[in-house]
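Q: The number in our numbering is simply the position in the sequence shown, starting from 1, with 10 added.
Even for Gly, the Cβ is constructed at its ideal location relative to N, Cα and C.
None of the values given here were measured: they were computed from a predicted structure.
If you scroll down you'll find the structure; I have some questions about it.
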Amino acid sequence: MIMLMLTDPFMQRALLAALLVGVTAPVVGTYLVQRKLSLLGDGIGHVALTGVALGWLVGAAMGLTPNDALAVPGAVIAAVAGSVLIEAVRRRGRTSGDLALAIMFYGGIAGGVLLMGIAGGSSGNLMQYLFGSISTVSDADLVLTVVLSLVVLAVGVGLRHALFSVSHDEEFATASGLPVWALNVVVAVVSALTVTVAMRVVGLLLVSALMIVPVAVAQQVTHAFGRTMLTACVVGVVVCLTGLTITYWYNVSPGATIVVLAISVYAVVSLLAPLLTRRRPVHDPHPDLPDDVDLPAAATERAVAAAKECR
Numbered sequence: 011m012i013m014l015m016l017t018d019p020f021m022q023r024a025l026l027a028a029l030l031v032g033v034t035a036p037v038v039g040t041y042l043v044q045r046k047l048s049l050l051g052d053g054i055g056h057v058a059l060t061g062v063a064l065g066w067l068v069g070a071a072m073g074l075t076p077n078d079a080l081a082v083p084g085a086v087i088a089a090v091a092g093s094v095l096i097e098a099v100r101r102r103g104r105t106s107g108d109l110a111l112a113i114m115f116y117g118g119i120a121g122g123v124l125l126m127g128i129a130g131g132s133s134g135n136l137m138q139y140l141f142g143s144i145s146t147v148s149d150a151d152l153v154l155t156v157v158l159s160l161v162v163l164a165v166g167v168g169l170r171h172a173l174f175s176v177s178h179d180e181e182f183a184t185a186s187g188l189p190v191w192a193l194n195v196v197v198a199v200v201s202a203l204t205v206t207v208a209m210r211v212v213g214l215l216l217v218s219a220l221m222i223v224p225v226a227v228a229q230q231v232t233h234a235f236g237r238t239m240l241t242a243c244v245v246g247v248v249v250c251l252t253g254l255t256i257t258y259w260y261n262v263s264p265g266a267t268i269v270v271l272a273i274s275v276y277a278v279v280s281l282l283a284p285l286l287t288r289r290r291p292v293h294d295p296h297p298d299l300p301d302d303v304d305l306p307a308a309a310t311e312r313a314v315a316a317a318k319e320c321r
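This is the structure in C-alpha cells:
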C-alpha cells in the first residue's frame, strides 16, 4: 500500500513539496518567534492572495492556459513587496506593528477578491490558495518550489548567526556593526518566499501555523537557538509527510490535517515537557567547588537554560 503511494507520480510531487515546506517554514518561523512577529506570516499570506489574483488577471489578459499560470509568480512578487513595506513601516515607526499587519490582512483579502472578479474568476477560485490544494501542484510549480526553498534555506541557515543577533537584540546588533536594516529586510523577504512555497500545501490562511507551531514545540524541549531550529524542522517534516499520507487514504484537506497534527504534537509535548524537566538532573559546571549560594533547583535550571540561550 505504501509502495503504491510512493510510485504515484502525483504523490511524488506532493511529497517532495511537503518535504520542502516542512523544512523551510520552521527555519523562518524560528526567527519570527524570536522577533515576536508570529503573525507576520498571516499578513504576508493575505498580501500574496492579491498577487495570486493579479497573476490570474495578467494570465487571462495574455490568453495563457491555464489562467492561473502566473498565479505563483504573482504571489511571490506581491508577498516580497508587502513584506518589505511592512518592515519599512515598522522601522520608521509611523504606525505600530500590529496596526500595519491588520491593514495588510484586510487589504490583501479585499484586493484579491476584487482583482479575481475583474479577471473573470470567482472567489471560489481563490479557495485552493487560501486552504491549499496539493492536487494542483504541477511540474512547473514544483520546480519553482524547489528553487525558492533552496534560497530560503541558504539564507536562513547560512546567515543564522547574524540573523539571530538582529532578531534577539537590534540595539546590540547595531553596536556590533551589523547592517540591521538590511538583515531585517532579509528576514522579511525569506518570510515572503516561505509563504509562497507553502501556499500550495497548506494554503495562505494556514501557512503561518506551520511556520510557528513546530517552533513552539521545539521550545518545549530545547532552549538553544540552533537546536530549536533543527527540532522544529524535524517536527515540520514529520507532520507534513504524515498529514499528506493521511489525505492519500482519506478525502480530507491536506493543509488542515497538517496544521491539526502540528497543534496536536504541541499539546502532547506541552503535557509531557514538565514531567521530563522535573526528572532531569541539574548540571553543576564546577562540581569540585563549594556553592556560595544554595539556589532552588528551579532557579538553577533557569540559569542554565539562560546560559545555553546566550551561546
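Suppose contacts are defined by Cβ-Cβ distances below 7 Å. Is residue 127 in contact with residue 70 by that definition?
A: Here residue 127 refers to the residue found at position 117 when the sequence shown is read from its first residue. Here residue 70 refers to the residue found at position 60 when the sequence shown is read from its first residue. No Cβ-Cβ contact shorter than 7 Å links residue 127 with residue 70.
Q: Please list, in chain order, all residues of the same chain as residue 228 whose beta carbon is under 6 Å from its beta carbon, the five residues on each side excluded.
A: Position 218 of the sequence shown, counting from 1, holds the residue named residue 228. Here the set comprises 238, 241, 242.
Q: By the three-class DSSP mapping on this structure, what secondary structure does residue 148 have?
A: Locating residue 148 in the sequence shown gives position 138, counting from the first residue. Coil, per DSSP.
Q: Here's the rule I'm using: 16 or more other beta-carbon atoms within 10 Å means buried, otherwise exposed. How should residue 259 be labelled?
A: Residue 259 sits at position 249 when you count from the first residue of the sequence shown. Its Cβ having fewer than 16 others within 10 Å, residue 259 is exposed.
Q: Could you work out which residue in 275, 246, 264 is closest to residue 32 when comparing CA atoms only?
A: Looking up residue 32 in the sequence shown gives position 22. It is 246.
Q: Scan the segment 165-194 and note each continuous alpha helix (DSSP H) run of 4 residues or more that stays entirely inside, going in chain order.
A: 170-178, 180-185
Q: List in chain order: all unbroken beta strand (DSSP E) runs of 3+ residues lying wholly within the segment 72-101.
A: none
Q: Within its chain, find whatever has a CB closer than 7 Å to the CB of residue 200; leave out the 5 residues flanking it on each side and keep chain order.
A: In the sequence shown, the residue the question calls residue 200 occupies position 190. Closer than 7 Å at Cβ, skipping near neighbours: 38, 162, 165, 166.
Q: Where residue 81 and residue 282 are concerned, what is the direct C-alpha to C-alpha distance, given to the nearest angstrom?
A: Position 71 of the sequence shown holds residue 81. Position 272 of the sequence shown holds residue 282. If you take the alpha carbons of residue 81 and residue 282, they lie about 43 Å apart.
Q: If residue 268 sits next to residue 212, beta carbons under 8 Å apart, how far is it from one beta carbon to the other, in whole angstroms?
A: For the purposes of this step, residue 268 is taken as residue 258 along the sequence shown, with counting starting at 1. For the purposes of this step, residue 212 is taken as residue 202 along the sequence shown, with counting starting at 1. Confirmed, about 6 Å.
Q: Along the chain, where does the alpha helix (DSSP H) that runs through residue 23 open and close?
A: Position 13 of the sequence shown holds residue 23. Unbroken alpha helix (DSSP H) run through residue 23: 19-44.
Q: Considering only residues of the same chain and omitting the five flanking positions on each side of residue 152, which have a CB-CB separation below 8 Å?
A: Position 142 of the sequence shown, counted from the start, is the residue given in the question as residue 152. Only 23, 26, 27 meet the Cβ criterion.
Q: Which residues in the same chain have their Cβ closer than 7 Å to the Cβ of residue 147, if we skip the five residues on either side of it in sequence?
A: For the purposes of this step, residue 147 is taken as residue 137 along the sequence shown, with counting starting at 1. Answer for residue 147: 23, 24, 27, 210, listed in chain order.
Q: Find the nearest neighbour of residue 265 within the set 249, 279, 49, 278, judged by alpha-carbon distance.
A: Position 255 of the sequence shown, counting from 1, holds the residue named residue 265. The shortest Cα separation from residue 265 among 249, 279, 49, 278 belongs to 249.
Q: Express the C-alpha separation of residue 214 and residue 141 in angstroms, rounding to a whole number.
A: Locating residue 141 in the sequence shown gives position 131, counting from the first residue. Locating residue 214 in the sequence shown gives position 204, counting from the first residue. Taking the straight line from one Cα to the other gives about 6 Å.
Q: Would you mind giving the Cβ-Cβ distance between residue 119 and residue 56, rounded to the nearest angstrom? I have them listed as a contact below 8 Å.
A: Mapped onto the sequence shown, residue 119 falls at position 109. Mapped onto the sequence shown, residue 56 falls at position 46. Indeed they touch by this definition, with Cβ atoms about 5 Å apart.
Q: Where do the ends of the alpha helix (DSSP H) carrying residue 255 lie?
A: Walking along the sequence shown from the start, residue 255 turns up at place 245. Unbroken alpha helix (DSSP H) run through residue 255: 235-259.
Q: Short of 8 Å in beta carbon distance, which residues of its chain neighbour residue 35, apart from the five on each side in sequence? Order them along the chain.
A: In the sequence shown, the residue the question calls residue 35 occupies position 25. The answer, listed in chain order, is 204, 207, 208, 217, 220, 221, 224, 246.
Q: Less than 8 Å between the CB atoms is what I'm expecting for residue 90 and residue 202, so what's the real figure, rounded?
A: On the sequence shown, residue 90 is found 80 positions in, with the first residue counted as 1. On the sequence shown, residue 202 is found 192 positions in, with the first residue counted as 1. At roughly 5 Å, the Cβ-Cβ gap stays under 8 Å, so residue 90 and residue 202 are in contact.
Q: Run through DSSP, which three-state label would residue 232 get?
A: Residue mapping note: residue 232 aligns to position 222 of the sequence shown, counting from 1. DSSP places residue 232 in coil when its eight states are reduced to three.
Q: With DSSP run on the structure shown, which of helix, strand or coil describes residue 129?
A: For this step, residue 129 is matched to residue 119 along the sequence shown. It is coil, neither helix nor strand.
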